[in-house]
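Some notes on the structure that comes next.
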């Protein structure tokens, strides 16, 4: 998973940071409650934004509570619980991970394929439950995974076309955040461009590894060296980020506006400026 959509911690007020961390920890607990302990290994920062956005649009506050964290069992943490946004984020994370592992089984060397196959086996029940909760989303993610594999096998050298399946996956998730029918189109378009940003940043970060291992990378297919690939990724991302911001400004938010403003207008641009650099987030640590 990606982990690029995070806030700029230095620009957050203390209460905003505490709220963000509570949603992050709440997503971990929601994964365990809905899909079992193994699913917590999938915890990802990008899906925290989905929970914040869904609950921000609906105005659902949830039920904050103090619980122990598996990363620090001696200390209780404040966690959000019980919102539809958290349930959507948890189901989406399981489904995205399931199809990412399926893609790894096609592309990765034997050792990674073995590990991906083992984790996929452990997630089988979780996937069935998430697919039952979000059948339309499961169908679309399956279709777009096949589309992504087809593009890669064809050696696609068009960065916009190569990023389309990831964009459509993200669009389908953000559309689920809509409460009012008129918001679905806005959220879908926002998700389309946000997903493309994630794809390009991931391709820029993986450039050296993909080149070394002979794996598909759209910037390698374009014949770019590493510096040019990073420059191209950043250019594409900046153009897409403008459309993400435009769509975001059209949304009516009942909650979480300061945190989401930070993510869209500060955190995302900061991530784009770091294009090509490895992400340093630690799972189950304090966010950001």
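Residue numbers (our numbering): 21 to 308.
Backbone N, C-alpha and C fix where the C-beta goes; we use that ideal spot for every residue, glycine too.
Residues 237 of the same chain have their beta carbon placed closer than 7 Å to that of residue 226, with the five preceding and five following residues left out of the count. Residue nearest to residue 106 within the set 48, 30 and 262 is 48 (criterion: CA-CA distance). For the 8 Å CB-CB criterion, residue 208 and residue 250 do not form a contact. Under the DSSP definition of a beta bridge, residue 99 partners with 85.
Put simply, the region 71-91 does not touch the region 159-177. Fewer than three CB pairs are less than 8 Å apart. Secondary structure at residue 263: helix, using DSSP grouped into helix, strand and coil. Residue 170 carries a helical assignment under DSSP once its states are collapsed to helix, strand and coil. Here the alpha carbon of residue 95 sits roughly 8 Å from the alpha carbon of residue 87.
The beta carbons of residue 63 and residue 109 sit no closer together than 8 Å.
Runs of alpha helix (DSSP H) with 4 or more residues, each lying fully within the region 185-229, are found at 201-225, listed in chain order.
With fewer than 16 neighbouring CB atoms inside 10 Å of its own CB, residue 144 falls in the exposed class. Per DSSP, residue 43 is one residue of the alpha helix (DSSP H) stretching across 34-55. Looking at the backbone, the Cα of residue 101 and that of residue 245 are separated by about 46 Å. Between residue 179 and residue 104, the gap from beta carbon to beta carbon reaches 8 Å or more. When the beta-carbon positions are compared, residue 169 and residue 126 come within less than 8 Å of each other.
Residue 50 and residue 182 have their C-alpha atoms roughly 33 Å apart. With a beta-carbon spacing of about 15 Å, residue 197 and residue 279 fall beyond the 8 Å limit used to define contacts. For residue 26, the three-state secondary structure derived from DSSP is coil. Residue burial is scored here from C-beta neighbours: residue 269 has fewer than 16 other C-beta atoms within 10 angstroms and is therefore classed as exposed. In this structure the region 24-32 lies against the region 280-294, because at least three pairs of beta carbons, one per stretch, are closer than 8 Å.
Judged by their CB atoms, residue 97 and residue 121 are not nearer to each other than the 8 Å cut-off.
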